[in-house]
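In the working numbering, the protein residues as written are 1 to 424.
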Ligand code: HEM
């Protein structure tokens, strides 16, 4: 299949304007070349729902060991988020997200039990408690940056508690998440990359100490599970492997869920009819969560590396090619979601989105993320009303990032609701 010229003449896919507002670009990719070799980078973009699903399921052809390809020039041009292994205290190793079976299964088994639906249900009360405490912190004002004061600290506090970290260390978690994000952004300059490495080394040093503590005195927490786990029947995990797992829990869990909550509130303010509907009928809230995930798809893109020559949607992809699964483009594919740009919390098949991926790498934290999002929307609607954008603050912008989609802030105005009844 020849590549349509309209795509070739576009600005590059990692051009800041495209990263800031990718929807029209996604639409044209999907319509004109759902599997497309990008001339700027040599990367194969996979954009339609059908093609993304097929590639995500076929892990024997599309490998998650993309670190190797990113480092060794598997594509004509390396994106600038290539991990700078040398500068880190422990160089990155492949565990869950960046591994293939059988290793991926072994590592995943170690942490699976911490994130099952049942275990997450057990956290319900605590997640509600954290959400209410965060709202208590700003409810007396009539405006707030919802990202910084609510959407970020909610998942951050939950995961920090799950990892057994004391509350006074929460600000460190935020700093390290920023470091990982900077590395992931694909847009950091030399100084930014060095800063990212410094923060990642700081994170590694902190957790090396915590893991040693658990080795000496185990507790009932994920760190103790990891430190006492064995893989390949006998072998204990190396420090680098343990750190890689912890890093994935921190980054995969925090920024994505924070973005999902923020995007949800932004969508509700932009669609007052849907906000009204959600307020009138709270049984719609679980479907609201799914529709937000579909429309916003925080993990917009993810890497794969093609392990053997193959054909996808009639396009030949050679072994060694770097590929990008465009989950966000797939989630607005009109072949599956009619009128796909419309935010409709009653959409019947909203839950068919690919925001958590598909197949063996399906998001480990999906149940937790859903719980946190649902709790966030429930508590915000219960405690606040009269939502609007705060036009005295700078307008929110999407952070330039080749993989993740999310705002840099969400300044809103609101009125407190039912506070007298709550405190009575
Ligand atoms: C709204 C929030 C979230 C979104 C949109 C999201 C999205 C995703 C996606 C798309 C994948 C699959 C990547 C691939 O196919 O290569 C994934 C995997 C993963 N997610 Fe999430 N995630 C979210 C929340 C979480 C949370 C809360 C955690 C844990 C605390 C988490 C941990 C992971 C891990 C460890 C993997 C890798 C699993 C594997 O490769 O076996 N995620 N996530």
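Here a beta-carbon is modelled for each residue, glycine too, at the ideal position from N, C-alpha and C.
Given the structure is predicted, the values throughout are model-derived calculations rather than measurements.
Own chain, CB closer than 7 angstroms to residue i, minus 5 neighbours either side, in chain order
{"i": "residue 223", "result": "163, 164, 210, 211 and 214"}
{"i": "residue 361", "result": "64 and 97"}
{"i": "residue 208", "result": "239"}
{"i": "residue 427", "result": "Examination of residue 427 is not possible in this model, given that the chain is present from 1 through 424 alone."}
{"i": "residue 279", "result": "381"}
The beta strand (DSSP E) enclosing residue i, as first and last residue numbers
{"i": "residue 311", "result": "310–312"}
{"i": "residue 145", "result": "143–145"}
{"i": "residue 272", "result": "From DSSP, residue 272 is part of no beta strand (DSSP E) but of the alpha helix (DSSP H) over 272–280."}
{"i": "residue 416", "result": "411–416"}
{"i": "residue 36", "result": "35–37"}
{"i": "residue 429", "result": "Residue coverage of the chain in this structure runs from 1 to 424, which leaves residue 429 outside it and unanswerable."}
C-alpha distance - residue i paired with residue j, whole-angstrom precision
{"i": "residue 295", "j": "residue 253", "result": "19 angstroms"}
{"i": "residue 285", "j": "residue 191", "result": "43 angstroms"}
{"i": "residue 203", "j": "residue 315", "result": "42 angstroms"}
{"i": "residue 308", "j": "residue 93", "result": "23 angstroms"}
{"i": "residue 67", "j": "residue 189", "result": "20 angstroms"}
{"i": "residue 175", "j": "residue 199", "result": "7 angstroms"}
{"i": "residue 125", "j": "residue 251", "result": "24 angstroms"}
{"i": "residue 368", "j": "residue 288", "result": "16 angstroms"}
{"i": "residue 235", "j": "residue 229", "result": "8 angstroms"}
{"i": "residue 100", "j": "residue 329", "result": "24 angstroms"}
{"i": "residue 43", "j": "residue 137", "result": "46 angstroms"}
{"i": "residue 221", "j": "residue 227", "result": "10 angstroms"}
{"i": "residue 30", "j": "residue 45", "result": "10 angstroms"}
{"i": "residue 89", "j": "residue 140", "result": "44 angstroms"}
{"i": "residue 118", "j": "residue 39", "result": "47 angstroms"}
{"i": "residue 385", "j": "residue 91", "result": "48 angstroms"}
{"i": "residue 261", "j": "residue 355", "result": "14 angstroms"}
{"i": "residue 334", "j": "residue 206", "result": "47 angstroms"}
{"i": "residue 277", "j": "residue 373", "result": "17 angstroms"}
{"i": "residue 414", "j": "residue 390", "result": "9 angstroms"}
Residue i in three-state terms, based on DSSP
{"i": "residue 385", "result": "strand"}
{"i": "residue 244", "result": "helix"}
{"i": "residue 230", "result": "strand"}
{"i": "residue 362", "result": "coil"}
{"i": "residue 96", "result": "coil"}
{"i": "residue 348", "result": "coil"}
{"i": "residue 45", "result": "strand"}
{"i": "residue 316", "result": "strand"}
{"i": "residue 343", "result": "coil"}
{"i": "residue 40", "result": "coil"}
{"i": "residue 14", "result": "coil"}
{"i": "residue 77", "result": "With a pLDDT of only 38 at residue 77, under the threshold of 50, the placement of this residue in the model should not be trusted; the figure read from the coordinates follows. In this structure, residue 77 counts as coil in the three-state DSSP scheme."}
Cutoff 8 angstroms: residue i Cβ touching any chain B Cβ
{"i": "residue 177", "result": "Reference to chain B is not applicable here, since this structure consists of a single protein chain."}
Check whether residue i and residue j have beta carbons under 8 angstroms apart
{"i": "residue 429", "j": "residue 312", "result": "This structure gives no information on residue 429, because the portion of the chain shown stretches from 1 to 424."}
{"i": "residue 291", "j": "residue 376", "result": "no"}
{"i": "residue 387", "j": "residue 275", "result": "yes"}
{"i": "residue 154", "j": "residue 134", "result": "yes"}
{"i": "residue 23", "j": "residue 259", "result": "no"}
{"i": "residue 41", "j": "residue 16", "result": "no"}
{"i": "residue 160", "j": "residue 147", "result": "no"}
{"i": "residue 365", "j": "residue 107", "result": "no"}
{"i": "residue 130", "j": "residue 95", "result": "no"}
{"i": "residue 337", "j": "residue 301", "result": "no"}
{"i": "residue 345", "j": "residue 144", "result": "no"}
Residue range of the unbroken alpha helix (DSSP H) whose run includes residue i
{"i": "residue 109", "result": "103–112"}
{"i": "residue 159", "result": "153–162"}
{"i": "residue 504", "result": "No information on residue 504 is available, as it lies outside the stretch 1 to 424 that the chain covers here."}
{"i": "residue 52", "result": "49–57"}
{"i": "residue 208", "result": "190–216"}
{"i": "residue 134", "result": "124–136"}
Contact set for residue i: own chain, Cβ-Cβ below 6 angstroms, skip 5 residues either direction
{"i": "residue 353", "result": "293, 294 and 331"}
{"i": "residue 271", "result": "343"}
{"i": "residue 397", "result": "408"}
Contacts around residue i, its chain only, beta-carbon distance under 8 angstroms, and the 5 residues preceding and following it disregarded
{"i": "residue 418", "result": "382 and 383"}
{"i": "residue 323", "result": "43, 44, 45, 46, 55, 62, 303, 304, 305, 306 and 317"}
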